[in-house]
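Peer 1:
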Amino acid sequence: MAQPYLHPLQVNPRTGEPFLRLPTPLDNFIITPPRSNDAPALKEILNDPRVYKTLESPPFPYLLTHAESYLDMITKECDAALEEAKKAYKEGASEPLGHVENCPVRYIREVKEDGSEVLVGDIALHRCQYPDVKDQSEREELVRTNMRYAVGDPEIAWCFSDLVAGPYHGRGIMSGALKAIMDQWLIPRMGARFIRAEAFIGNVGSVRVFEKNGFVMEKTVQYEMVTNCGVTRLGLHVLCWRSEQKP
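Just so you know, the sequence shown maps onto residues 291 to 537 in my numbering.
(1) Distance, Cα to Cα, P313 vs I321?
(2) Who are the Cβ neighbours of E374 in its own chain at under 8 Å, not counting the five residues just before and after it?
(3) Would you list the residues sitting across from P315 in a DSSP beta bridge?
(4) Which value, in whole angstroms, describes the spacing of the CA atoms of M291 and K469?
(5) Among A487, E334 and M437, which one has its Cα closest to the Cα of L353?
(6) Could you check the C-alpha separation between R438 and L432 for me, to the nearest Å?
(7) When you compare only the Cα positions, how much space is there between E358 and S326?
(8) Taking the C-alpha atoms as reference points, what is the distance between I491 and G466?
(9) Looking at the structure shown, is S451 part of a helix, part of a strand, or coil, going by DSSP?
(10) Short of 7 Å in beta carbon distance, which residues of its chain neighbour N318, apart from the five on each side in sequence? Order them along the chain.
(11) As a quick exercise: from F484, V528, M480 and P457, pick the residue whose alpha carbon is nearest that of E534.
(12) Quick check for students: name the residue ranges of the alpha helix (DSSP H) that lie wholly in the region 306-352, counting only runs of 4 or more.
(13) Could you name each continuous alpha helix (DSSP H) segment of 4 residues or more that falls completely within the region 448-529, going from the start of the chain to the end?
(14) Whole-angstrom Cβ separation of I379 and P323, contact assumed at under 8 Å?
(15) Counting only the same chain and skipping the five closest in sequence on each side, list residues whose C-beta sits under 7 Å from that of A383.
(16) Which class does I398 belong to by DSSP, given the choice of helix, strand or coil?
(17) Assign V410 to one of two classes, buried (16 or more other C-beta atoms within 10 Å of its C-beta) or exposed (fewer than that).
(18) By DSSP's criteria, E407 is part of a beta bridge. Which residues make up the other side?
(19) Cβ of D422 within 7 Å of Cβ of V511?
(20) When you compare each of K509, W531 and R304 to G405 by their alpha carbons, which one comes out closest?
(21) Buried or exposed, going by whether 16 or more other CB atoms sit within 10 Å of the CB of H520?
(22) Of the residues L345, K376 and K366, which one's Cα is nearest the Cα of Q293?
(23) Among residues of its own chain, excluding the 5 on either side of R532, which ones have a beta-carbon nearer than 7 Å to its beta-carbon?
(24) Could you give the DSSP three-state label for R429: helix, strand or coil?
(25) Please go through the same chain and pick out, in chain order, the residues whose beta-carbon is closer than 8 Å to the beta-carbon of L476, but skip the five residues on each side of it.
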């Protein structure tokens with residue numbers, strides 16, 4: 291049964307689960323909510339050095355209990371996003387669809403020829419926390435200001451958190467997922483007009499993903515930090531997308 295408040299998400303007719311499909315030629319990949327049985331796959335992904343060396347905060351080593359706890363948290367967030375979309379639809383009388391604060395789908399899956407699905411990545415949205423700003427007082431004020439904006443306000447600075455499983459690197463999957471999320475949800479349903487992205491200095495692949503989707507390198511902030519897995523990083527690239535830059 292169609293759920294107009296979910297537009298433009300599609301709905302799996304068998305499970306009722308909402309999803310976004312990546313653009314061709316990656317249309318065998320979809321973005322769905324997290325699932326309770328994702329924990330083993332998530333554990334495997336986040337113990338792969340091709341993945342954890344590009345991230346700052348996940349525990350290391352990444353245990354099954356970490357995955358289960360994290361999935362419980364983000365499942366609640368995605369469920370809340372679905373309820374928010376339903377409420378916005380009812381209050382907005384369907385046209386135009388009301389703006390929402392979050393996206394109910396985030397886990398990227400490959401759909402195999404036999405119909406089975408494999409978890410291959412994560413793409414999450416959140417209001418920017420300005421990790422590149424090292425002055426604590428300045429950063430806190432930026433975050434407070436950003437959090438004060440009402441849902442749908444064009445002044446909100448949005449950010450992405452994303453990862454792709456090691457065996458799927460270099461296949462354009464995150465570029466396709468980013469395009470799908472931006473074009474089908476973040477811009478039309480969340481009202482995004484300004485998006486920031488950060489990548490560790492040296493993470494050329496991540497920078498390219500954002501540049502392919504219209505982001506422009508704004509600055510590079512140099513500082514030394516040690517991630518949870520013990521890797522020393524030398525700073526962040528900051529890239530930005532504004533509505534007038536949309537390709």
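All C-beta atoms, glycine included, are put in the ideal place defined by N, C-alpha and C.
Just so we're clear, the structure is a prediction, and the values are computed from it rather than from any experiment.
Peer 2: Concretely, from the data shown:
(1) 11 Å
(2) V390, E391 and N392
(3) None; P315 has no bridge partner.
(4) Only weak support exists for where M291 lies, its pLDDT of 49 falling under 50; the coordinates are left without a value.
(5) E334
(6) 10 Å
(7) 8 Å
(8) 23 Å
(9) strand
(10) E400 and V401
(11) F484
(12) 329-336 and 339-342
(13) 463-471, 477-480 and 494-502
(14) The residue you asked about is not Ile; residue 379 is Tyr in the sequence shown. The pair is not a contact, with the Cβ atoms about 18 Å apart (cut-off 8 Å).
(15) Per-residue confidence for A383 stands at a pLDDT of 49, beneath the threshold of 50, marking its modelled position as unreliable; the derived number appears in the next sentence. Nothing meets the Cβ criterion.
(16) strand
(17) buried
(18) V401
(19) yes
(20) R304
(21) Reading off the sequence, residue 520 comes out as Gly, not His. The residue is exposed, with fewer than 16 neighbouring Cβ atoms inside 10 Å.
(22) K376
(23) R483 and F484
(24) helix
(25) C393, L415, W448, A482 and I485
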